[in-house]
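A.B. asks:
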Amino acid sequence: RDRYRLTRAQAQDLLSRASREGWAEPKPGYGWKLRQVAKTAEAFEEIYRFRAVIEPAALLEPGFRFDRTVAASLRRTQERLASGDLDGLAPAAMTAAGAAFHEGIIRMSGNPMFFYALERANQLRRLAEYRLKVNPQRIAVQSREHLEMLDLLAKGDNLEAAHLMRRHLSGALASKSPVVHPRANDTGSTA
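Residue numbers (the numbering used here): 57 to 247.
The structure is reproduced here in structure tokens:
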């Protein structure tokens, strides 16, 4: 509190938010413990590589059931983002829409372990993504890929959707990684 000149209430609010987002937890008794999160470029990349394994696999689960109601809701949001109509949307809302898409799709797997793993990974990467500048062109491209995945899943082509998901996550990492971990000779390009 002293270091950042926070009141007790401000510090408690901040730590409660950190706890909800999964990167802090109260210690038994007194104090707080900061969890390992995507504080480094390597950790951020590890999260994306983990997601590139579990998300395509979830689409191939024997219990996968395409939920048309959930898909319709996801589609409306993704169509807006794909159109470039970002006026009035905060960067955090755009990031949340992407996370909601992936979590909505992975829930359809019928295996809750996939959802729990993705939810945790999203919590851990959120801290690193706070410092990324939102690139509307990247958002539009990723949203069009989301729509293509929904189309493939609606047709029952889960294998092709799984291939697209892996390419999609690899592309997202490639576009974000230079910003999270700039090379010494980079001029500060944004993703």
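We put the CB at the ideal spot given by N, CA and C, even for glycine.
No experiment lies behind these values; they were computed from the predicted model shown.
#1: Rounding to the nearest angstrom, what Cα-Cα distance links ALA146 and PRO84 in this structure?
#2: Determine the burial state of TYR172: buried for a count of at least 16 other Cβ atoms within 10 Å of its Cβ, exposed for fewer.
#3: Between the C-alpha atoms of GLN193 and GLU117, what's the straight-line distance to the nearest angstrom?
#4: Quick check on the DSSP output: the beta strand (DSSP E) that includes GLU81 runs from which residue to which?
#5: Taking the C-alpha atoms as reference points, what is the distance between ASP149 and GLU159?
#6: Taking the beta strand (DSSP E) that LEU90 belongs to, which residues open and close that run?
#7: Could you give the residue range of the alpha helix (DSSP H) that holds PHE157?
#8: If I measure Cβ to Cβ from LEU225 and keep anything under 7 Å in the same chain, skipping five residues before and after, which residues do I get?
#9: With distances taken from CA atoms, which of HIS219, ARG131 and SER231 is nearest LYS189?
#10: Using the rule of at least 16 other Cβ atoms within 10 Å of the residue's Cβ for burial, across every protein chain shown, is SER199 buried or exposed?
#11: Determine the closest residue to ARG91 out of GLY227, ARG176 and ALA128, with distance taken between C-alpha atoms.
#12: Measuring alpha carbon to alpha carbon, tell me which residue in PHE122, LEU215, ARG131 and ALA65 is nearest GLY166.
#13: Under a Cβ-count criterion, where at least 16 other Cβ atoms within 10 Å of its own Cβ denotes burial, should GLN66 be classed as buried or exposed?
#14: Looking at C-alpha atoms only, which residue of ARG57, ALA138 and GLY78 is the closest neighbour of ARG181?
#15: Identify which residue in LEU70, THR63 and ARG124 has its Cα closest to the Cα of LYS211.
#16: Which class does ASP58 belong to by DSSP, given the choice of helix, strand or coil?
#17: Taking the continuous alpha helix (DSSP H) assigned at ASP207, which residues delimit it?
#18: By DSSP, does SER245 sit in helix, in strand, or in coil?
#19: So PHE170 and ALA114 are supposed to be a Cβ contact under 8 Å. How far apart are they, rounded?
C.D. replies: Let me spell this out:
#1: Here residue 146 is taken as the residue at index 90 of the sequence shown, counted from 1. Here residue 84 is taken as the residue at index 28 of the sequence shown, counted from 1. Their backbone Cα atoms lie some 36 Å apart in a straight line.
#2: Numbered from its first residue, the sequence shown carries residue 172 at position 116. That one is exposed.
#3: To locate residue 193, count along the sequence shown from 1; it is residue 137. To locate residue 117, count along the sequence shown from 1; it is residue 61. Rounded to whole angstroms, the gap between the alpha carbons of GLN193 and GLU117 is 32 Å.
#4: In the sequence shown, the residue the question calls residue 81 occupies position 25. Note, GLU81: beta strand (DSSP E), 80-82.
#5: In the sequence shown, residue 149 corresponds to position 93, counting from 1. In the sequence shown, residue 159 corresponds to position 103, counting from 1. Correcting the residue type first, residue 149 is Ala in the shown sequence and not Asp. Looking at the two C-alpha atoms, the distance is approximately 15 Å.
#6: Along the sequence shown, one-based indexing puts residue 90 at 34. Counting along the chain, the beta strand (DSSP E) containing LEU90 begins and ends at 88-90.
#7: Position 101 of the sequence shown, counted from the first residue, corresponds to residue 157. PHE157: member of the alpha helix (DSSP H) spanning 147-163, first to last residue.
#8: Translated into the one-based positions of the sequence shown, residue 225 becomes position 169. For LEU225, where only same-chain residues beyond five positions count, the Cβ hits under 7 Å are TYR104, ARG107, ALA108 and GLU111.
#9: Taking the sequence shown and counting its residues from 1, one reaches residue 189 at position 133. The candidate whose alpha carbon is nearest that of LYS189 is SER231.
#10: The count along the sequence shown starts at 1 and reaches residue 199 at position 143. So SER199 counts as buried.
#11: In the sequence shown, residue 91 corresponds to position 35, counting from 1. Of the listed residues, the one whose Cα sits closest to ARG91 is ARG176.
#12: Stepping through the sequence shown from its first residue, residue 166 is reached at position 110. Nearest C-alpha to GLY166: PHE122.
#13: As a working note, residue 66 is residue 10 in the sequence shown. Label assigned to GLN66: exposed.
#14: As a working note, residue 181 is residue 125 in the sequence shown. Residue GLY78 is the option with its Cα nearest to ARG181.
#15: As a position in the sequence shown, residue 211 is number 155, starting the count at 1. When only C-alpha atoms are compared, the closest one is ARG124.
#16: By 1-based counting over the sequence shown, the position of residue 58 is 2. Here ASP58 sits in coil by DSSP.
#17: As a working mapping, residue 207 is identified with position 151 in the sequence shown. Looking at the DSSP string, the run of the alpha helix (DSSP H) that includes ASP207 is 192-210.
#18: Here the question's residue 245 lines up with position 189 in the sequence shown. For SER245, the predicted model reports a pLDDT of 33, less than 50, meaning its position is unreliable; a value from the coordinates is still stated below. Correct three-state label for SER245: coil.
#19: As a working mapping, residue 170 is identified with position 114 in the sequence shown. As a working mapping, residue 114 is identified with position 58 in the sequence shown. PHE170 to ALA114, Cβ: 4 Å. Contact.
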